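For the sequence shown, the residue numbers in this note's numbering are 23 to 517. Using N, Cα and C, we set each Cβ at its ideal position, and we do this for glycine too. Just so you know, these numbers come straight off a predicted model, no measurement behind them. What follows is a short report on a single structure.
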Amino acid sequence: MTDTLNLAPEVLAKYEIVIGLEVHCQLQTNTKIFASDANHFGSEPNTNISVITLAHPGTLPKLNKKAVEYAVRMGLACGCSITRNTIFDRKNYFYPDLPKGYQLSQDKFPICVGGQIPVMYKDKQGKMVEKAVQIHHIHLEEDAGKSVHDGALTDTLLDYNRAGTPLIEMVTDPCIGSAEEAGAFLTAVRQLVRFIDICDGNMEEGSLRCDLNVSVRLKGTLALGTKVEVKNMNSIRNVMKAVETEFRRQVEMVENGETILQETRMFDPETGETSGMRVKETMNDYRYFPEPDLAPVFISDAWMAKIQDEMPPLPRQLFEKFTTKYGLSAGHATTLTDTKEVALYFEELSTKAGNYQAAANWVLGPVKTYLNENSDKTADQFPLSPAQLAEVIKLVESNQVSHTTASHKLLPILLENPTQNPLEVAKQNNWLQNSDASALEGIVDEVLTAMADKVQEFKKGKKGLMGLFVGEVMKKSKGSADPKVVNQLLGKKLG
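This is the structure in structure tokens:
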């Protein structure tokens, strides 16, 4: 990003930024929130529509039960209070791509209230920071359609496929203090919605979007500055860029004695700058009132218990389990909980292999390498089941096959033919290691006798020759010698 605002570091250092985020997550239900139209991205324009989506006279909405369950699931994942009796409201704001001319949303009684999401990130000084970002509320609403400006100067095309797609909007408190923290929060939200299977988190397709609310104030001041909203950010990097741009722009305005307007702005990813779009409406402009065509929503104890029972494990829970119970490092646990598929594959693998660290090393190594090379696949599509890979790990841990042979020779064969037995493949290719010290001692003696001059150099201090001796023994044994046993024998004989 080109810094067009020439502000001295000491001027910027006087101010702090205050950020609140509004994150929109499209729920991956089969149908829309108030109609039975298909909820599917990528269809031909105006094919996932019906008389309800098009707001024909006399049509009535009907609430999608699954959308409510997904919203509650997100609330539970964030530690929110769940509103057991709630309603929907009409938000009377003109949406050209919502045929009704208003949006069905929630105003006074959002379905989830409070809660938080823990984040970890590096600040500008490179220091690791751990913090909980506070959530104000999460509410349910319907998405609008899509306006397409297809190069024409005067005409706008409307695609109503997206109109009525179920959304949750997560509104944070104004508690985020940097671009890094905002990026970490969005990363955590995307990870969380994927873990609990309510949204695919695809920002490029718009299923996860973000509005950014930014203000600045002098450090030490409690009062908030005038809020500026930056709309519809569809990448974490762009959100972080917009934070930095708005911070400099607003500080410059304050320093010049200019008035910051409460307005809505757009972000241009090409220039890294924001531009004015419209003066921000007040809540009164929306003229909210209870939706008369939808009955109130009551979440019974039985329904709540069902949703709780169906909750999958959360990334934070798995992180703590992997570090405390399994003894893994924070770095390894973070990578293993990056996606639900990897986390669950590792957990089953570690149980079957009986060795947590070895299982982690294999997932972080060969398994992740395979997934990186096959980016269209997830860990649950890895050719070998956790039980099959556990057999490979046991061959290595029992010193029957070396790790190098297992990862570079045995594994590729098994990936091509997953039904083969790892032990049988190792036997057929003579990859089983010889761990019999008495049998290997003769080979070690032969090598040391043949390389008497190198032995003398070793004893005079050239300890790097140990690798040469090991290599020669491995060569004479045709790769079957157990390197650990070889090293022990050599160490003993060389003093």
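Use the C-beta contact count for residue i: other C-beta atoms within 10 angstroms, 16 or more gives buried, fewer gives exposed.
i      : result
Pro79  : exposed
Lys113 : buried
Pro440 : exposed
Met225 : buried
Pro118 : exposed
Val33  : exposed
Met299 : exposed
Gly42  : buried
Met262 : buried
Glu313 : buried
Can you tell me where the beta strand (DSSP E) holding residue i begins and where it ends?
i      : result
Leu180 : Leu179 to Asp181
Thr296 : Glu295 to Val301
Ser127 : Gln125 to Ser127
Tyr143 : Gln138 to Lys144
Ser237 : Leu230 to Leu240
Gly42  : Tyr37 to Gln48
Gln156 : Met150 to Glu164
Pro188 : Pro188 to Thr194
Glu226 : Per DSSP, Glu226 belongs to no beta strand (DSSP E) and is neither H nor E.
Glu32  : Here Glu32 belongs to no beta strand (DSSP E); instead the alpha helix (DSSP H) covers Pro31 to Leu34.
What's the gap between the Cα of residue i and the Cα of residue j?
i      : j      : result
Lys144 : Ala204 : 12 Å
Ala409 : Met96  : 32 Å
Thr24  : Thr293 : Note that Thr24 has pLDDT 40, beneath the 50 cutoff, so the model's placement of it is unreliable and the number below is only indicative. So the alpha carbons of these two residues sit roughly 7 Å apart.
Glu295 : Ala264 : 7 Å
Ala60  : Pro67  : 13 Å
Thr426 : Leu432 : 9 Å
Ala210 : Asn86  : 27 Å
Ala503 : Ala382 : 26 Å
Thr357 : Ser429 : 20 Å
Glu183 : Asp315 : According to the sequence displayed, residue 183 carries Asn and not Glu. Whole-angstrom Cα-Cα distance: 22 Å.
Pro31  : Ser200 : 16 Å
Leu244 : Asp307 : 28 Å
Lys449 : Met496 : 17 Å
Glu202 : Arg239 : 19 Å
Ile126 : Val94  : According to the sequence displayed, residue 126 carries Leu and not Ile. Near 18 Å, if we compare the C-alpha coordinates of Val94 and Leu126.
Glu44  : Met255 : 10 Å
Leu406 : Asn377 : 18 Å
Pro318 : Val90  : 12 Å
Phe269 : Cys100 : 29 Å
Ile39  : Gln339 : 31 Å
Ala35  : Gln147 : 14 Å
Asn451 : Gly501 : 11 Å
Asp181 : Pro188 : 16 Å
Arg271 : Ile198 : 18 Å
Lys84  : His161 : 17 Å
Glu274 : Leu29  : 7 Å
Ser297 : Leu120 : 25 Å
May I ask which residues mark the beginning and end of the alpha helix (DSSP H) holding residue i?
i      : result
Val507 : Pro505 to Lys515
Asn383 : Tyr378 to Trp384
Met333 : Careful: Met333 lies outside any alpha helix (DSSP H) and carries neither H nor E.
Leu417 : Pro408 to Glu419
Gly496 : Rather than Gly, the amino acid found at residue 496 in this sequence is Met. Taken as a continuous stretch (DSSP letters only), the alpha helix (DSSP H) holding Met496 covers Met488 to Lys498.
Leu522 : With the chain represented from 23 up to 517, any question about residue 522 goes unanswered, as that position is not in the structure.
Does residue i have its Cβ less than 8 Å from a Cβ in chain C?
i      : result
Lys515 : The chain labelled as chain C is not found in the depicted structure, where only one protein chain is given.
Checklist entry - At a cut of 8 Å, does the segment 461–468 reach the segment 505–514 through at least three beta carbon pairs? => result Contact check between the segment 461–468 and the segment 505–514: three or more CB pairs, one atom from each, fall below 8 Å, which counts as touching.
Checklist entry - Is the segment 153–166 touching the segment 184–196, taking contact as three or more C-beta pairs under 8 Å? => result yes
Item to check | Cβ contact (3+ pairs, closer than 8 Å) linking the segment 175–186 and the segment 201–215 | outcome: no
Checklist entry - Would you call the segment 242–250 and the segment 280–288 in contact, with 3 or more CB pairs under 8 Å? => result yes
Item to check | the segment 464–483 / the segment 425–443 touching (three or more Cβ pairs under 8 Å) | outcome: no
Checklist entry - Unbroken alpha helix (DSSP H) runs of length 4 or more, entirely within the segment 265–291: which are they? => result none
Item to check | Cβ contact check for the segment 341–359 and the segment 162–173: 3 or more pairs under 8 Å | outcome: Because the criterion of three Cβ pairs below 8 Å is not met, the segment 341–359 and the segment 162–173 do not touch.
Item to check | Inside the segment 54–110 only - alpha helix (DSSP H) runs reaching at least 4 residues | outcome: Counting only runs of at least 4 residues, the segment 54–110 fully encloses the following alpha helix (DSSP H) elements, listed from N- to C-terminal order: 87–99.
Checklist entry - With contact counted as at least three CB pairs below 8 Å, one residue from each stretch, are the segment 363–377 and the segment 393–407 in contact? => result yes
Next on the checklist: Pairs of beta-carbons, one from the segment 370–377 and one from the segment 322–335, closer than 8 Å: are there three or more?
Outcome noted: no
Item to check | Any alpha helix (DSSP H) of 4 or more consecutive residues that is wholly inside the segment 318–375 | outcome: 323–331, 337–342, 352–358 and 362–375
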